[in-house]
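A.B. asks: Pasting a structure below so you can have a look.
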Amino acid sequence: MRDFILLYINGLRYEIKGVEVFLTLSDYLRQSLGLRGTKIVCSEGDCGSCSVLVGKPDGDARLSYQFIDSCIQFVFQLDGKHVVTVEGLADSDSTYCSDVGTRLNEVQQAMIDCHGSQCGFCTPGFVVAMTGLLQERRSLSTKQWRAGLTGNLCRCTGYSPIIEAGLKAQESPTKTLNEMYDATEILAAFRETQRDSISIRDDIEQLQVFCPTSLDESLQLLGRHPDAKIVAGATDVGVQFNKGLCEARIWIDLNRVTEIEGVFVHSNTIDAGARATWAEIQTIASQVEPEFEKIVSAFGSPQIRHAGTLGGNIINASPVADSLPLLLVCHAQLTISSVNRTRTVDINRFYHGYKKFDLNSGELLTRITIPLPETGLLRLYKISRRLDLDISSFTAAIWLNTEGSSKGVLRNASKIADAKIAYGAVGTTVLRLSKTEEFLRDKLLSEETMIAAGDIAVAEISPISDVRGGDEYRYNLARNVLVKYYHQSQSRSSIAV
Ligand SMILES: Cc1cc2nc3c(=O)[nH]c(=O)nc-3n(C[C@H](O)[C@H](O)[C@H](O)COP(=O)(O)OP(=O)(O)OC[C@H]3O[C@@H](n4cnc5c(N)ncnc54)[C@H](O)[C@@H]3O)c2cc1C
Ligand code: FES
Ligand code: FES
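Whatever position you read off the sequence shown (first residue = 1), add 32 for the numbering used here.
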């Protein structure tokens, strides 16, 4: 049993013990190591000023790096990872900049050349995110730079000079992080320790964390500590912790449990481990269901998608969770395990009320199976005040099938054979609209039918007024989305993103 987290930071080995493993990564970097280039502004994953790169083993000879928000990542999640901060982006071969008296990588130099920084508070986060984007692909279009930087906010410079800096940086030949940092030593150290179970206690603060290496070990631990706080990506838990809303003493971290990671497609069914990240799901969704890809690409930001998981979204049980409308209309099957048994639940029977669901103490969500519709027309909707990085004001999944329809296009005035509809942000959970579905079955598809269905839909929901929209606004959306769906269904390009 190991009592430390093994972590590399900017190429150096750290064995972290005791209370420090319960710190957020940003606090550890700044307070314990004095690496203050990583800034903290919002502490809730919104601004990206705390962005760092996290490398994990990818085969025998390299690490694959993704950028995340370090303010909502605990040190204990990072065993077997290489963290690269803004201080670690340039090496002795990088160009020396006499203006700032240090070596800079090509992104940092381009930010200076293009006037991409004013007060400078957001700049390290942008530089890290931009360097991260250049690890994934050598050349990005303006649109891709914009999409890649939706998790970074700047209050003073404006985004045009920053995007210009990205475009300029990619013109210069640059070393990848795998070329800058010799992966051999890092990977050898990780290999030696990857099978160790980890248990770390801090007796003064009375904290304990377990980082199991298998599903079986996780379930045994959960059996012994049924009230332990489970952590996957921590994009919800980290925010709650920073707001003082999570006072767990015992933690179980799932980040080393490989059986519940990854996402696959078998004959039109998505089969995801509970720990499949949104970035992984985005790749799969773009291949199998463009509607889902459209929703996933607007999910949080790249930083959130690199860390956040499908399982975390389901168990966080928000009535505005973006995955849920699709999962409800597809009748996603949840595999739930405890030490004694494994059971499968249709997600339509999982939620019972606000943050109330069918998961007993000692149980873990392990897999999610999503059978995608093979006929009819599926459309997904996310309405939010901002296009990027915003919580939904209203969400919907609508799937209709008509007699004689081909996949993706419904014939006007044909009979509706089946209907499945789910709305989010209109009640205490994401809701299936069973009465509206029943009304639609056997009706002729027309604008009038969908308008009439809107009357049933508003009677099935009970939205509240909050900062994201008034109840009347949500009632209107509940009606209008059905009419919008109808008009989209009559277009040949109805499944275009
Ligand atoms: C800036 C920001 C933007 C966001 N944008 C969106 C968005 O656009 N749409 C959206 O829907 N959400 C959004 N979220 C919310 C969050 O990112 C998602 O809910 C995410 O999927 C949570 O996954 P996670 O792995 O980080 O969960 P965690 O924070 O690790 O866990 C969430 C909850 O699930 C439990 N849990 C996790 N895994 C398991 C498991 N396998 N079994 C049992 N319990 C488990 C945890 O104990 C915890 O209660 C956003 C969050 C932030 C901070
Ligand atoms: S400090 Fe804003 S995302 Fe971390
Ligand atoms: S340069 Fe000031 S916040 Fe971006």
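The beta carbon of each residue, even a glycine, is placed where N, CA and C say it ideally should be.
With a floor of 3 residues, list each beta strand (DSSP E) that falls wholly inside the segment 413-474, ordered by position along the chain.
C.D. replies: As far as the segment 413-474 is concerned, its whole beta strand (DSSP E) runs of at least 3 residues are 426-434, 448-456.
A.B. asks: Does the Cβ-Cβ distance between Gly343 and Ala306 come in under 8 angstroms?
C.D. replies: Sequence index remark: in the sequence shown, residue 343 carries index 311 (1-based). Sequence index remark: in the sequence shown, residue 306 carries index 274 (1-based). Yes, Cβ-Cβ distance for Gly343 and Ala306 is below 8 angstroms.
A.B. asks: Buried or exposed: which applies to Val132, given that a residue is buried once 16 or more other Cβ atoms fall within 10 Å of its Cβ?
C.D. replies: Position 100 of the sequence shown holds residue 132. Flag for Val132 reads exposed.
A.B. asks: Helix, strand or coil for Ala528 per DSSP?
C.D. replies: The sequence position of residue 528 within the sequence shown is 496, counting from 1. Confidence at Ala528 is low in this model, with a pLDDT of 32, below 50, so the placement of that residue is unreliable and no value is reported for it.
A.B. asks: For Val159, does the count of other Cβ atoms within 10 angstroms reach 16, so buried, or fall short, so exposed?
C.D. replies: The residue given as residue 159 occupies position 127 in the sequence shown. Looking at its Cβ environment, which holds 16 or more other Cβ atoms inside 10 Å, Val159 is buried.
A.B. asks: Can you find a heavy atom of ligand 1 that lies under 7 angstroms from the Cβ of Ala428?
C.D. replies: If you number the sequence shown from 1, residue 428 lands on position 396. Not under cutoff, so the answer is no.
A.B. asks: Between Ser525 and Gly440, what straight-line distance do the alpha-carbon atoms span, to the nearest angstrom?
C.D. replies: Here the question's residue 525 lines up with position 493 in the sequence shown. Here the question's residue 440 lines up with position 408 in the sequence shown. Residue placement at Ser525 cannot be trusted, given a pLDDT of 47 that sits under 50; what the coordinates show is reported in the next sentence. Between Ser525 and Gly440, the C-alpha separation is close to 9 angstroms.
A.B. asks: Please go through the segment 352-401 and give each complete beta strand (DSSP E) segment of 3 or more residues, from N-terminal end onward.
C.D. replies: Taking only runs of at least 3 residues, the beta strand (DSSP E) segments lying wholly in the segment 352-401 are 365-369, 374-378, 383-385.
A.B. asks: Is the beta carbon of Thr460 less than 8 angstroms from the beta carbon of Gly385?
C.D. replies: Here residue 460 refers to the residue found at position 428 of the sequence shown. Here residue 385 refers to the residue found at position 353 of the sequence shown. Result yes, Cβ atoms of Thr460 and Gly385 sit closer than 8 angstroms.
A.B. asks: For Ile48, I'd like the list of residues in its chain whose CB is within less than 7 angstroms of its CB, leaving aside the five on either flank, ordered along the chain.
C.D. replies: Taking the sequence shown and counting its residues from 1, one reaches residue 48 at position 16. Hits under 7 angstroms: Phe36, Ile37, Leu39, Val107.
A.B. asks: Which residue wins for smallest C-alpha separation from Lys452, given the options Leu409, Ser446, Ser438, Glu469?
C.D. replies: Here residue 452 is taken as the residue at index 420 of the sequence shown, counted from 1. Answer by Cα proximity: Glu469.
A.B. asks: Along the chain, which unbroken stretches of the beta strand (DSSP E) at least 3 residues long are found entirely within the segment 192-244?
C.D. replies: DSSP runs (the beta strand (DSSP E)) wholly in the segment 192-244: 230-234, 239-243.
A.B. asks: Would you say Ile236 and Thr117 are within 8 angstroms of each other, going by their C-beta atoms?
C.D. replies: By one-based count along the sequence shown, residue 236 stands at place 204. By one-based count along the sequence shown, residue 117 stands at place 85. The answer is no: Cβ separation not under 8 angstroms.
A.B. asks: Would you report the Cα separation of Gly255 and Val371, rounded to the nearest angstrom?
C.D. replies: The residue you call residue 255 lines up with position 223 of the sequence shown. The residue you call residue 371 lines up with position 339 of the sequence shown. Going by the C-alpha atoms only, they are around 6 angstroms apart.
A.B. asks: Please go through the same chain and pick out, in chain order, the residues whose beta-carbon is closer than 6 angstroms to the beta-carbon of Tyr518, but skip the five residues on each side of it.
C.D. replies: To locate residue 518, count along the sequence shown from 1; it is residue 486. The answer, listed in chain order, is Glu479, Met482.
A.B. asks: Note the first and the last residue of the continuous alpha helix (DSSP H) segment covering Thr315.
C.D. replies: Translated into the one-based positions of the sequence shown, residue 315 becomes position 283. Thr315 -> alpha helix (DSSP H) spans 310-320.
A.B. asks: Mark Phe99 as exposed unless 16 or more other C-beta atoms lie within 10 angstroms of its C-beta, in which case mark it buried.
C.D. replies: Counted from its first residue, the sequence shown places residue 99 at position 67. Buried, since its Cβ has 16 or more Cβ neighbours within 10 Å.
A.B. asks: Below 8 angstroms, can you find three or more Cβ-Cβ pairs linking the segment 246-265 to the segment 64-75?
C.D. replies: No: fewer than three Cβ pairs fall under 8 angstroms.
A.B. asks: Please write down, chain order preserved, every residue whose beta carbon lies under 6 angstroms from a heavy atom of ligand 2.
C.D. replies: My final list is Ile72, Val73, Cys74, Ser75, Gly77, Asp78, Cys79, Gly80, Ser81, Cys82, Asp101, Cys103.
A.B. asks: Measure from the alpha carbon of Thr506 to the alpha carbon of each residue in Ser425, Glu279, Gly91, Ala485, then state which is nearest.
C.D. replies: As a working note, residue 506 is residue 474 in the sequence shown. Residue 506 is actually Arg in this sequence, not Thr. Residue Ser425 is the option with its Cα nearest to Arg506.
A.B. asks: Got a sec: does ligand 4 put a non-hydrogen atom nearer than 7 angstroms to the Cβ of Leu166?
C.D. replies: No copy of ligand 4 occurs in the structure displayed; its ligands are ligand 1, ligand 2 and ligand 3 alone.
A.B. asks: Figure out for me which residue from Asn508, Arg178, Asn184 has the closest Cα to the Cα of Cys82.
C.D. replies: Here residue 82 refers to the residue found at position 50 when the sequence shown is read from its first residue. The shortest C-alpha separation from Cys82 is found at Asn184.
A.B. asks: Count the other CB atoms, across all protein chains shown, that sit within 10 Å of the CB of Lys447; report buried if there are 16 or more and exposed otherwise.
C.D. replies: Mapped onto the sequence shown, residue 447 falls at position 415. It counts as exposed.
A.B. asks: In the DSSP output, which residue or residues are listed as bridge partners for Thr163?
C.D. replies: Walking along the sequence shown from the start, residue 163 turns up at place 131. Its beta-bridge partners do not exist; DSSP assigns none.
A.B. asks: With a CB to CB cut of under 6 angstroms and the five nearest residues on each side skipped, what residues in its chain are close to Thr155?
C.D. replies: Looking up residue 155 in the sequence shown gives position 123. Once the five neighbours on either side are set aside, the close Cβ partners of Thr155 are Ser149.
A.B. asks: Just to confirm, does Ala364 get its C-beta within under 7 angstroms of one of the non-hydrogen atoms of ligand 1?
C.D. replies: In the sequence shown, counting from the first residue as 1, residue 364 sits at position 332. For ligand 1, not one heavy atom lies less than 7 angstroms from the Cβ of Ala364.
A.B. asks: Excluding the five sequence neighbours on either side, which residues of its own chain have a C-beta within less than 7 angstroms of the C-beta of Val529, listed in chain order?
C.D. replies: Taking the sequence shown and counting its residues from 1, one reaches residue 529 at position 497. At Val529, the pLDDT of 29 sits below 50, so the modelled position is not reliable; the number obtained from the coordinates is stated separately. Hits under 7 angstroms: Pro322, Glu325, Lys326.
A.B. asks: Would Ile284 and Ile262 qualify as a contact pair, given that the criterion is a beta-carbon distance under 8 angstroms?
C.D. replies: For the purposes of this step, residue 284 is taken as residue 252 along the sequence shown, with counting starting at 1. For the purposes of this step, residue 262 is taken as residue 230 along the sequence shown, with counting starting at 1. Against a cut-off of 8 angstroms, the Cβ pair of Ile262 and Ile284 comes out as a contact.
A.B. asks: Spell out the partners DSSP gives Gly501 in its beta bridges.
C.D. replies: Mapped onto the sequence shown, residue 501 falls at position 469. Answer is Asp498, bridged to Gly501.
A.B. asks: How big is the Cα-Cα spacing for Gln365 and Leu432?
C.D. replies: In the sequence shown, the residue the question calls residue 365 occupies position 333. In the sequence shown, the residue the question calls residue 432 occupies position 400. Cα to Cα, the separation comes out at about 21 angstroms.
A.B. asks: Return the chain-ordered ranges of every beta strand (DSSP E) run that is complete within the segment 77-136 and spans a minimum of 3 residues.
C.D. replies: As far as the segment 77-136 is concerned, its whole beta strand (DSSP E) runs of at least 3 residues are 83-90, 94-101, 113-116, 127-129, 134-136.
A.B. asks: First and last residue of the beta strand (DSSP E) that includes Asp285?
C.D. replies: Residue mapping note: residue 285 aligns to position 253 of the sequence shown, counting from 1. 282-285 is the extent of the beta strand (DSSP E) around Asp285.
A.B. asks: So what's Lys261 in DSSP terms, helix, strand or just coil?
C.D. replies: Numbered from its first residue, the sequence shown carries residue 261 at position 229. Three-state DSSP puts Lys261 in a strand.
A.B. asks: Could you check the C-alpha separation between Leu121 and Arg233 for me, to the nearest Å?
C.D. replies: The residue you call residue 121 lines up with position 89 of the sequence shown. The residue you call residue 233 lines up with position 201 of the sequence shown. Taking the straight line joining both Cα atoms gives about 33 angstroms.
A.B. asks: To the nearest angstrom, how far is it from the Cα of Leu359 to the Cα of Arg473?
C.D. replies: For the purposes of this step, residue 359 is identified with residue 327 of the sequence shown, where counting begins at 1. For the purposes of this step, residue 473 is identified with residue 441 of the sequence shown, where counting begins at 1. Spanning the two alpha carbons is a distance of roughly 21 angstroms.
A.B. asks: Can you tell me the Cβ-Cβ gap for Cys243 and Asn287, rounded? I've got them flagged as a contact below 8 angstroms.
C.D. replies: Here residue 243 refers to the residue found at position 211 of the sequence shown. Here residue 287 refers to the residue found at position 255 of the sequence shown. About 7 angstroms separates the two Cβ atoms, so the contact holds.
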